Amino acid sequence: MYHDNDRTKLFSRRALMLASGKGALISALIARMYYLQVVEADRYTMLSEENRVAIRLLLPPRGLILDRSGIAMAVNQHNYRVLVVSEKSPSLDYTLDALSQIITLTDHDRARVTKEVRRRRSFVPITVRENLSWEEVARIEVNAPDLPGVMIDVGQSRFYPLEHLGAHILGYVSAVSENDQSDNDPLEELPGFRIGKAGVEKIYDMALRGRGGTSQEEVNAVGRVMRELERREGEPGVDLALTLDTRLQEYAAQRLGDESAAVVVMDIHTGDVIVMASTPSFDPNAFNRGLTHDEWKELSTNPRAPLQNKAISGTFAPGSTFKMVVAIAALEAGVISPEQTVLCRGHTELGSIKFHCWKKGGHGSVDLINAIKGSCDVYFYEIARRVGFDKVAEVANRFGLGVHTGIDLPNERPGLIPTRAWKRKALKQPWHPGESLINGIGQGYCLTTPLQLAVMTARIANGGQQVVPHVARDLITEKDSAPRPAPNWPSCGVSQRSLMLVRKGMNAVSNEPGGTAFRARIEQDGMWLSGKTGTAQVRRITMRERETGVKKNDELPWKERDHALFVAYAPEDAPRFSIAVVVEHGGGGSAVAAPIARDIMLEVQKRERARVASGQNCTDHACDHKEHG
Amino acid sequence: MLRPTQRLSSRLNRTEMSWREKIWQINWSLIAVLTAIASVGFLTLYSAAKGSLEPWAIKQMIRFAMGIGLMITVAVVDLRFWMRHAYILYAVSIVLLIAVDLKGTIGMGAQRWIDLGFIQLQPSEIMKIAMILTLARYFHGASVQDVGRPTFLIPPLLLVLLPVALVMKQPDLGTAMMVLMSSGAIFFMAGVRIWKFALLLAGGLGSIPVAWQFLHDYQKKRVIIFLNPDQDPLGAGYHITQSKIALGSGGLFGKGYMNGTQSGLNFLPEKQTDFIFTMYGEEWGLMGGLFLLGLYVLLTAFGYAIAMRCRAQFGRLVALGITTTFFLYFFINTAMVMGLVPVVGVPLPLISYGGTAMLSLLFGWGLVMSAYIHRDLPIGRRGGHDD
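Those protein sequence lines, which keep their order, are chains C and P. Position one of the first sequence corresponds to residue 1 (the working numbering), numbered consecutively onward. Position one of the second sequence corresponds to residue 630 (the working numbering), numbered consecutively onward.
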């Protein structure tokens, strides 16, 4: 047994070595446990919370849009959707077959659902169809026992009850596209979320959206919601009251009829835009529903541009409506006196070029008032030449022409009032003296929007205060709305005498026999309007045509006809409203635009009177100013 | 801990013990430690079922009770009986291993079971014990000089490599590694020179590129993921990432019993089997983990003490072999869930839900207990009386 002793000793030694090895491994385990559970514990605790808790955004209701008297223009509607949960349905095909017996399902719908089901986890509801009618919802509910896994869900969608009316001002909402995501609002990540894409829906989008609430949910490893841990309700969007009057808006749209035209009526003191119509219009609901290819093609290629808000994005030569600004510039520069006369023989000459008056035989000897009343081109050629067009342009800008008015709507275009500097820069050509003449009657390079013309008229009528138009009744910030402070507009910096003289001329246009708009006057007491006609030529009249006789508008294709314009303010003795009407390729200002303006202005004043009479005027915004200011 | 008993030491040369004497010798403290460990398992399985005995805890308790019965039975059987039947058991295991290859049940992507109707027999579990018994018998009669001869070491080496190859083929990398390592421990305890291990290790490392070719795709993936678990946190690295999150978020004192969110919300895979330590660690924290580790260390110490007290080389080698196997079980499992070693299918001994492992482990501890009961028994070269 000698070797047994050796073996025992060896065994003991080796056992010690083996135990030490195991001790080392145990130490490694403990070190690792310490590292995970003490050193890195915070990090892993956070990760485990991230695992466990999923945060779901709750969609806040979008703010409503109302007109000045509280009529709803944009509301939220229940959007009934039918969803299918594939894990609750024994066979998806069978369920869809059964469903298609009850409601119409296109092959496209079916293909989309089948694809979605494969992509998502089996307990995630998949939308089969949206915008179900109440009848369809009822039919699904009745057949519910035969439709395992099918459920009805109520979402939110935007609805514009007035359809075409005021569509350009309201704009529309639609799904977020890639280019839109810029303001880091988490709501934008929601699949059903819609943002304002045009009109006030776009400008006041952040206020209308409100703020999303959150729901913290405990989810398991496959994402199934186990329970709600915490719910924070969001804030609904701010309701937006507009300055528009939908009744007048409706009247104006009706009065414009099928013409491609725009009309703007505004309060000359507050800047409230009461009517802003652009025809033809469109139904914003179509965008929310999703346009078909044909609908979109029709809307986007129609030459009368239904999608464009012509009141702010359509630019037209102002024609003779520009003459007040030229007169003011000349009076302010002192180059004419009101009594001074100019002899109109139907044309004038500058160098070798002949400039024609619209009246073939000429006006004879005319002073300022008569020149406005008869819209004598020769008179204004002369005074524009004397004052120089740069000065005219400067005054025009102060009256709101050729610059952004600052209205709270997107896509406003500035138009153009040319200057020497502009021409040198943009066209790289010197200013031609004859251009002062042609631009002096609102032709040539001059381009203005109907809104600018309404603003110009307002500033003439309100004594030269630089009123800024707006469509939101209150001041809207991202989260709130507050009443607009009492307006305190800066001055245009022209004398009251010049303005008074121009207004006198405008009064003659409408209310004196021989005025270009005398036939379109208002005869009711205290509602008289003072205006100015304009006819903007869109084609060149050749020498040969002048000899053979200028073609009548009726003889021309639509695209070559003149634009008919009319601007006015009323009531004549105590101005309150201004209006601008532009009928694209409509013909003459006095024959086409002036009667439209007359009818609308009469309606505006009647409605105002009725409101004052019924004592409702305190819902009016002017009343708020008294209280707050 | 081990009370030397006057009655036995006074009868050193006795070769037979009566049943009564054996029953008297049962080491109850060892059983207490085993029960403590298993109880941790019952509690955790109860929590894994969200506070229910069904479906795991109750079955596990029944199996443990059966296992303890088996253990005591094994313990009172004469140690020489186990020695005499070591080679037969080995041969049966080899046959069974080949049988699973031929007609095994497909389970968890690997053929590991033979369904006997009442129990699903896992031959690799039997092999773990048969291997230890066989090697212990082989080295029992070997002198220091014998062990020093390289030719003497070739037969046991072949005896080890044959089942390892069969288990690898199943494929069960975890069990193959364990058989290899516990066999290595017996070679080491038998006195094989350390430089020979070094040589073998160097050879093994050199053959890794060759062995790599024989690994299954999922095994290769596991190794790659072990080396870099963050490359695919939601794919195949998901298990280990979630396991680390669960353990780490447990912190010092844990989230509280039945309050584990990672396991409760099913972020943990296999939480009742291989990843049960993670769940335990999430609910009981570092303190709970250290407590359990302490129990395991205590059990290992029992094994060592029994081995040192044993007179016969066979008993010593068996006790240390079983203890080492057991140690490897819990080391590999805990190291695996903590991201220290690749994910291999090794359960946490006595705690993970599962019948075969529980029974084979307690069978093993039965052998250790038998070595304890028969510690003073002199055993001859072939398992007979001392000759």
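Where a beta carbon is used, it is the ideal one built from N, C-alpha and C, also for glycine. Nothing here was measured: the structure is a model prediction, and the numbers come from that model.
{"Query": "Counting only Cβ pairs nearer than 8 Å, list the residues of chain P close to glutamine 37(C).", "Result": "Leu876, Gly877, Gly879, Gly880, Leu881, Gly910, Gly914, Leu915, Gly918"}
{"Query": "Going by Cα to Cα distance, which pick from Val997(P), Phe960(P), Leu949(P) is closest to glycine 923(P)?", "Result": "Phe960(P)"}
{"Query": "Contact check, alanine 594(C) vs alanine 486(C) under 8 Å by CB: the rounded distance?", "Result": "Not a contact, Cβ separation roughly 34 Å."}
{"Query": "Quick check: what's the CA-CA separation for isoleucine 312(C) versus arginine 413(C)?", "Result": "6 Å"}
{"Query": "Whose C-beta lies closer than 6 Å to the C-beta of leucine 529(C) among residues of the same chain, with five residues either side of it excluded?", "Result": "Ser510, Ile522, Ala568, Ala570, Met601"}
{"Query": "In whole angstroms, what separates the C-alpha of isoleucine 369(C) from that of alanine 461(C)?", "Result": "16 Å"}
{"Query": "Just verifying my parser: in three-state terms, what is the DSSP assignment at histidine 868(P)?", "Result": "helix"}
{"Query": "Could you compute how far the alpha carbon of serine 320(C) sits from the alpha carbon of proline 450(C)?", "Result": "14 Å"}
{"Query": "Would you say lysine 22(C) lies against chain P (beta-carbon separation less than 8 Å)?", "Result": "yes"}
{"Query": "Closer than 8 Å, CB to CB, is alanine 739(P) near chain C or not?", "Result": "With a pLDDT of only 49 at alanine 739(P), under 50, the local geometry of the prediction cannot be trusted, and no value is derived from it."}
{"Query": "Is leucine 147(C) closer than 8 Å to threonine 114(C) when the C-beta atoms are compared?", "Result": "no"}
{"Query": "If glutamine 249(C) sits next to glycine 166(C), beta carbons under 8 Å apart, how far is it from one beta carbon to the other, in whole angstroms?", "Result": "5 Å"}
{"Query": "Relative to the C-alpha of leucine 343(C), which candidate in Val325(C), Ile328(C), Asp377(C) has its C-alpha closest?", "Result": "Asp377(C)"}
{"Query": "Which stretch, first to last residue, makes up the alpha helix (DSSP H) that contains phenylalanine 931(P)?", "Result": "905-938"}
{"Query": "Looking at the C-beta of tyrosine 44(C), does it have a partner C-beta in chain P at a distance below 8 Å?", "Result": "yes"}
{"Query": "Per DSSP, which residues does tyrosine 379(C) bridge with? Please list them.", "Result": "Note: tyrosine 379(C) sits in no beta bridge, so no partner."}
{"Query": "Out of Met760(P), Ile723(P), Gly950(P), Ile761(P), point me to the one whose CA is closest to glutamine 799(P)'s CA.", "Result": "Ile723(P)"}
{"Query": "Count the other CB atoms, across all protein chains shown, that sit within 10 Å of the CB of glycine 738(P); report buried if there are 16 or more and exposed otherwise.", "Result": "With a pLDDT of only 47 at glycine 738(P), under the threshold of 50, the placement of this residue in the model should not be trusted; the figure read from the coordinates follows. It counts as exposed."}
{"Query": "Which residues in chain P have a C-beta closer than 8 Å to the C-beta of glutamate 40(C)? List them in chain order.", "Result": "Gly877"}
{"Query": "In chain C, which residues lie less than 7 Å from phenylalanine 817(P) when you measure between Cβ atoms?", "Result": "Arg14, Leu18"}
{"Query": "Using the Cα positions of proline 779(P) and phenylalanine 710(P), report the straight-line distance between them to the nearest angstrom.", "Result": "29 Å"}
{"Query": "Could you name the residues of chain P that phenylalanine 11(C) contacts, counting a contact when the two beta carbons are closer than 9 Å?", "Result": "Met818, Ala819, Gly820, Ala936, Met937, Gln942, Arg945, Leu946, Leu949"}
{"Query": "Cβ of phenylalanine 956(P) less than 8 Å from any chain C Cβ?", "Result": "yes"}
{"Query": "I believe threonine 907(P) touches glutamine 751(P) by the beta-carbon criterion, under 8 Å. Please report the beta-carbon distance rounded to the nearest angstrom.", "Result": "About 23 Å separates the two Cβ atoms, so there is no contact after all."}
{"Query": "Output needed for valine 225(C): all residues of its chain with C-beta closer than 8 Å, excluding positions within five of it in sequence on either side, in chain order.", "Result": "Ala54, Glu217, Glu218, Val219"}
{"Query": "Where do the ends of the alpha helix (DSSP H) carrying tyrosine 1001(P) lie?", "Result": "984-1002"}
{"Query": "Report yes or no: do the segment 53-71 of chain C and the segment 874-888 of chain P share at least 3 C-beta pairs separated by less than 8 Å?", "Result": "no"}
{"Query": "Quick check on arginine 129(C) - is its C-beta less than 8 Å from some C-beta in chain P?", "Result": "no"}
{"Query": "Going by DSSP in three states, asparagine 79(C) sits in which element: helix, strand or coil?", "Result": "strand"}
{"Query": "Cα separation between proline 303(C) and threonine 279(C)?", "Result": "12 Å"}
{"Query": "Given the structure, does phenylalanine 123(C) come close to the ligand NAP, in the sense that its CB is under 7 Å from one of the ligand's heavy atoms?", "Result": "No copy of the ligand NAP appears in this structure; indeed no ligand is present at all."}
{"Query": "Please classify threonine 301(C) as buried or exposed, where buried requires at least 16 other C-beta atoms within 10 Å of its C-beta.", "Result": "exposed"}
{"Query": "Classify serine 981(P): buried if its beta carbon has 16 or more other beta carbons within 10 angstroms, exposed otherwise.", "Result": "buried"}
{"Query": "Whole angstroms are fine: how far does the CA of threonine 963(P) sit from the CA of leucine 795(P)?", "Result": "26 Å"}
{"Query": "When DSSP labels each residue in this structure, what does threonine 533(C) get in the three-state scheme?", "Result": "strand"}
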